[in-house]
Every structure is written in C-alpha cells, then in structure tokens.
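Protein chains in written order, with the working numbering: chain A, 148 to 406; chain B, 89 to 579.
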C-alpha cells in the first residue's frame, strides 16, 4: 500500500517515535506512522486516546517529549504553508467581533505572510471557498449568529482557502446537522480526488468505515494503520476500544504524579 | 458581560467616592481661582494655559492608546491583565524615582515598564508551574506588587531632601502635573501603539481569535502576545500620571467594553474604543477644569463609564432599550394577530355571512369586556388591518387584515394537524403549542407543511383550514358571493 518513498517525493506526513506528554503525563507513546499522499485518513479511537493530541503534535502546537515529525520531508515550521487546519469548533470564542468573510480570509494569512494585507484576489478565493460550502449568502454575518453546522462550514471554508496539500481536521463532524455532515463528506472526497491528503479526527465508529479509505486506530499507542477494509476488523477494534491498555495508563498516572 | 458591568459599577462608585474624600491625593487642573464656569470653559477651549494644554493633549493621547489596546484585552478575555499590570508597575515607579532622585519621566518609564513586565512574567510563571489558573495568579501578583510599591513610595516620602513632589499623584493621577517631557513620551508611545497595531492588525486579529490556527499557519503567536503585553505596559506607564495606578485599568477596559456592545467588527470596535477613550479623556479633563476641586482621573473614568452606560442602554442592536423595544413590538404584533384570529372565528361561527363584527361578538369570542374588545379593535384600525366607518359601530376587516387573519388561522390549524399526524400528539394537546407557533411560521415552512400534509382541508378538530385562495381573495361575502372558506379552489 505504501508507494516507494524517494527523496524527491517525500510523504505528506511522517511521524517517527513520537511521544507527547501533558504535564509529564504521557498521552501518546512512540507513534510511528507514514501517511502516503492522496489518502483520506480517519483517526479513530476511544476518548482520551490522544487523537487531537496527535494532530496538534504533528503541527508542533504541542511539544513532543521525543521523536520527530516531517511534513513533505521537512520540519513543520518550514512546511506549514502546505498544511491546512480545522481546529475543534469549541476552541474559539464565537462572540468574537468578526464576520464569516473575516474568518475565511484568515485562511489566506499563511500565504500572505506577516504584515501583508489580503488583496482582492484573496477575497475572490475566500468567496469561492464560501460558495463551495454554501455559506456565501452568510458572508457578512457575525459568526455567533450561525448554527453549529454553519460554523463548522465556515471553518472548512477557511481551511479550503489555505489551498494546502495536507489537511488536519479535528472532529469536523461533531455537533453538525445531517445536511452539513453529508456536505462535508462530499467535500473531503473531492479534496482527496484532487490528490490532497487528509487526516480527520472522527468520533463515530459507525460512519468511519463509510467515510474514510484509510484508518489510523489509536489508543495512546498506534494500534493499526492501513486501508479501511483491512484494519476495520473485529480484532483490531477490540484492541483499540475493548482491551484497555491498563498497565500503560497506570504507569502514565504514576509518572504524572512524580514531582 | 454581567460580571463586567458590575465591576464598572463598582469602579464608578469608587471614583464617585473619590470626588469627596481624596483631596489629599486628588489632582486639580485649575488652581483655585475665582472664575465663573463660562470663563473657565472659555479658557479651556482656547488652550491658553500650558498645563491645561498638556493635560488635554495627554488625556487624548492616552484615550487612543488605551482604547486600542483595551479592545484586544476584551476580545482575548484578558481584561484583568490591564488591572494586574497597572498595579504591578507601582514599585517600578518608586525605583525609577530612587534611581534619579527626581521625577525624571524616562527613569520612571523604564523602571515602571520593567516592573510591569516582571509582574506579567510572574503571572505566567505561576500559571504554568503551579496548578493555579490565571485569575488566582493575577489576584495575588497584583496585590504583592502593589503593596511593595506603596511601601517604597512611603519610604521615599520619608527621605529627606529628595524632589519628591507629585510622586504620590501616581496613585490617582494628576493630569495637570503632566510636563512637556511626559506629553512627548505619551505621544511616542501612542504613535508606537498605532503604528504597530496598524501594521500587524491581521496578526493580532488571528492570534486573538484562534491562536492554535495562527500557530499552525506559522505565525509567532507567543511573540505577538508579548508584543501586545509590552505595548500595554508602555501605555499603562505613560497613562499613570493622568489617571493613576488604581484607575488606569478602567481607561483600558471601559471604552473598549462600550465599543464591544456596539459593533460586530473588530476594526470598528478599535475605532470606536479609541474615540470613546478620547471622549472620556477630554470630558474628564474639561469637567475637572471647570469644577475647581475635581480630580482628573476619576472624572475621566466616570465619563468613560457614562459612555459605557449609554452603549448598554441605548445601543442600537444589543442595547437594553432596543431589545425591550423589539420585545414590545413583537408582543404588540402577536396581540393584533390574536385579535384578527378572534374576528375570523366570529365570522366563521356564522358561516361567513356578513363582513362586520360587533364589539359584543368580539368580546364574547375573546371572553373579555366590550371595552377591552373595542380597545383591541381600535388597535387594528390604527394598523390598517380593520376599519370602522363613522356611522357604524361594527368592525370591518381590510383586505390586508383578512389576509393576515386567514394566514394565522391557517398556520394554527396546519401546525395542530402536523403535531397530531407527524408527532403523534393527542388532538387536545396541540392547541397551546400552535398558539405560539402560528405567529412565527414563515411562508416557506407553511408550503412545506401543506405539502407534507397532502394539502389537507381540515384540522384535527374538524375545522376547515383556509387555503391559499382564501388568503388571496377578499372576504367571501364581498368577492366570492358568500361561498364558504376553504373551498376557494373548488371552482
């Protein structure tokens, strides 16, 4: 399943022996994974498995205790222009005084770099992205006056405006209506068909098999990574959800309590 | 917002108290001379007095920088940071003074900024190394630095021979004591704030809104945060002389808080906050000037609080008055629609024979007195939903009144039918819900309901649901030869 990785064509995401700890308490242990290009990857696992932590650490938003991450063969800070990000919807204050257009324009900021103002061309891109998620009529709405599903679409439009090659999305399906959910699925598929690589944190096991072509099953450790058909098996799911890694989490507790 | 407004109420009371009991601390711009208020005002607006000129320019500059930076504090939910920093600078003021033993603005500026940043760093350290959250860290760092500052200032006051006059004014501010050097420093700081915020507007905006995203696109969120804190420390330090340690945080937060109530766009909020800051500063120094003994700092804060109160009550969108008005007009519309519905019911009871309704019939239908019914009828007339010809005592619906009446009855009955059919509620449980829903159903939803209910003609109680034809044509007896409602589409 992995294509030959050459130095001219490095994989979108390569994680090597990544360990992440919150206040010394490890949440991810020695993750090793290489994600080939053009995959729509669902990151699946129980609560507290470290799904969000994995993508945040991959982008350097959380410090790694050990190991390294390469994006297209480079460290994140050099490759961040090729990475799009959809944070959890709850992570921002929706009463913030900006409208929908302002938020989507933020997707252009990375390309603009520091101290340069968005141009008319950037506005056109932002409009096109809003149109794609059917939110263009709401462009001048304050973001707090939107439903949960609409807010999620705005975040997606912002990520689209980044025009990236690798996307990290943190629970884009949480708290959205059925119409938004299917619109997002179509959009993800479309991005994948254009050769983009997507890693999507997903909560719902029932839809995971249908939405993603590749799954990354996580429970503090990488349980399995591969094509959905191969890894969505009773045994592996049992290993991810059922068989608790009791000793591992107990040790983590002890380490966390150390002064 | 509620806690915030309580805070400002408290501050306003505190400032008001200062008017009466702080003549030891409080500053005055006009020396005590016997001028009439008009003469004082003339002196103020001609800016003849150099000390007055400095006070006014200083407070305007302060209004701009505090308003701009305060806006970012508000949207980042760090309003208390202004409070902490302003208290933390006090020991720095004292140490800066001790260094030069004069009231050298630059020495005090450097000392105060250093102390402020040390305070901010301490807060950060407490927050990241202990289990305390930011509020607790702000609480005790603020108090500790402030206490140290008060002790140092008292020690300086006991020093023999030092040029210490005016140092005590750092507590509550004395705009009149601003020297040329102070005003130049204020101008430099305000210029710096304006230029940096204008250059990095997009950076400050995205890090304030979504710092995770800002870092993911490679923006130095930490650096931007510290830049903001540094500008804040500068701004607080130069504002100290005008409003004092205790109230400077109000100049940061109050104008910005008022602006936040009035707009949904960050750019406009910054602009409004700067304008409000200038207004508060200018009004404060004017009032202090015309009212001989009044202290400047508290008056500025009171002026700012008045702006906030005005925004809170009279803001066009989120103001208390606007919201009350909206609620009132919605209630009045609902009342009119309910009257229309009653008229419809009266007409329906006599199978739409005759177009007019008497007060008695309306009162009976509504189980009210005739006076009450007449009152409601007059309200309909005022809104052109009904007419009452001079020679008659009865009420006639106008075409628009008839249309609305049909719509309301239709909405009500459709909703009842929908609840019984789709939500499987008992027929006698659905009336209450429909009473509310009938007033808010949009035409699109109505079309959808009709479609889903297969264009049903009768509600769960067996009454006819008026259709589109009834809504569009006039009263049955006038235009349709007395044909019954609900069968308009039969022909």
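Every residue, glycine too, gets a C-beta built ideally from N, C-alpha and C.
Keep in mind that this is a model prediction, so the values were computed, not measured.
Is there a C-beta anywhere in chain A that falls below 8 Å from the one on residue i?
i	result
residue 218 of chain B	no
residue 113 of chain B	Residue confidence for residue 113 of chain B is low, a pLDDT of 39 falling below 50, so the modelled location carries little weight and cannot support an answer.
residue 382 of chain B	no
residue 303 of chain B	yes
residue 292 of chain B	no
residue 559 of chain B	no
residue 300 of chain B	yes
residue 331 of chain B	no
residue 400 of chain B	no
residue 287 of chain B	yes
residue 297 of chain B	yes
residue 163 of chain B	yes
residue 120 of chain B	Note that residue 120 of chain B has pLDDT 46, beneath the 50 cutoff, so the model's placement of it is unreliable and the number below is only indicative. For residue 120 of chain B, the answer is no, since every Cβ of chain A falls outside 8 Å of its Cβ.
residue 314 of chain B	no
residue 406 of chain B	no
residue 348 of chain B	yes
Roughly how far, in whole angstroms, is the beta-carbon of residue i from the beta-carbon of residue j, given that I think they are within contact range, below 8 Å?
i	j	result
residue 160 of chain B	residue 316 of chain B	6 Å
residue 403 of chain B	residue 350 of chain B	5 Å
residue 170 of chain B	residue 369 of chain B	Not really, about 16 Å apart at Cβ, beyond 8 Å.
residue 231 of chain A	residue 309 of chain A	4 Å
residue 254 of chain A	residue 305 of chain A	4 Å
residue 192 of chain A	residue 387 of chain A	6 Å
residue 325 of chain B	residue 204 of chain B	7 Å
residue 580 of chain B	residue 208 of chain A	Shown here, chain B extends from 89 to 579; a query on residue 580 of chain B therefore has no answer.
I want to see whether chain B comes within less than 8 Å of residue i, judged by CB atoms only; does it?
i	result
residue 264 of chain A	yes
residue 276 of chain A	no
residue 257 of chain A	yes
residue 280 of chain A	no
residue 239 of chain A	yes
residue 374 of chain A	no
residue 272 of chain A	no
residue 232 of chain A	yes
residue 450 of chain A	Because chain A here runs from 148 to 406, residue 450 of chain A falls outside it and cannot be looked at.
So which residues on chain A does residue i lean against when the C-beta distance must stay under 9 Å?
i	result
residue 353 of chain B	244, 245, 246, 249 and 289
residue 357 of chain B	244
residue 543 of chain B	Ordered by position in chain A, no residue passes the 9 Å Cβ test against residue 543 of chain B, which lies about 26 Å from the chain.
Would you mind working out which of the options sits nearest residue i, comparing C-alpha positions?
i	options	result
residue 291 of chain A	A/235, A/304, A/315 and A/242	A/242
residue 331 of chain A	A/344, A/308 and A/280	A/280
residue 490 of chain B	B/436, B/224, B/221 and B/458	B/436
residue 360 of chain B	B/312, B/327, B/494 and B/154	B/154
residue 143 of chain B	B/531, B/428, B/400 and B/366	B/366
residue 204 of chain A	A/195, A/342 and A/215	A/215
residue 495 of chain B	B/372, B/477, B/425 and B/545	B/425
residue 149 of chain B	B/310, B/375, B/129 and B/322	B/322
residue 267 of chain B	B/462, B/146 and B/546	B/146
residue 187 of chain A	A/352, A/318 and A/346	A/346
Could you check the C-alpha separation between residue i and residue j for me, to the nearest Å?
i	j	result
residue 377 of chain B	residue 323 of chain A	58 Å
residue 274 of chain A	residue 215 of chain B	41 Å
residue 277 of chain A	residue 248 of chain A	8 Å
residue 388 of chain B	residue 331 of chain B	8 Å
residue 584 of chain B	residue 227 of chain B	Examination of residue 584 of chain B is not possible in this model, given that chain B is present from 89 through 579 alone.
residue 468 of chain B	residue 245 of chain A	42 Å
residue 175 of chain B	residue 235 of chain B	9 Å
residue 471 of chain B	residue 396 of chain B	36 Å
residue 502 of chain B	residue 508 of chain B	10 Å
residue 240 of chain A	residue 297 of chain B	7 Å
residue 288 of chain A	residue 345 of chain B	21 Å
residue 473 of chain B	residue 453 of chain B	19 Å
residue 369 of chain A	residue 327 of chain A	30 Å
residue 392 of chain B	residue 257 of chain A	38 Å
residue 336 of chain B	residue 193 of chain B	18 Å
residue 301 of chain B	residue 238 of chain A	10 Å
residue 226 of chain A	residue 217 of chain A	9 Å
residue 381 of chain A	residue 360 of chain A	17 Å
residue 179 of chain B	residue 238 of chain B	7 Å
residue 506 of chain B	residue 543 of chain B	11 Å
Using the beta-carbon of each residue, which ones in chain B are nearer than 9 Å to residue i?
i	result
residue 212 of chain A	Correct list: empty, because the minimum Cβ distance to chain B is about 17 Å.
residue 206 of chain A	300, 303 and 304
Under 7 Å between beta-carbons, which chain B residues line up against residue i? List them in chain order, please.
i	result
residue 224 of chain A	306
Residues of chain B with CB under 8 Å from residue i, in chain order?
i	result
residue 261 of chain A	288, 291 and 307
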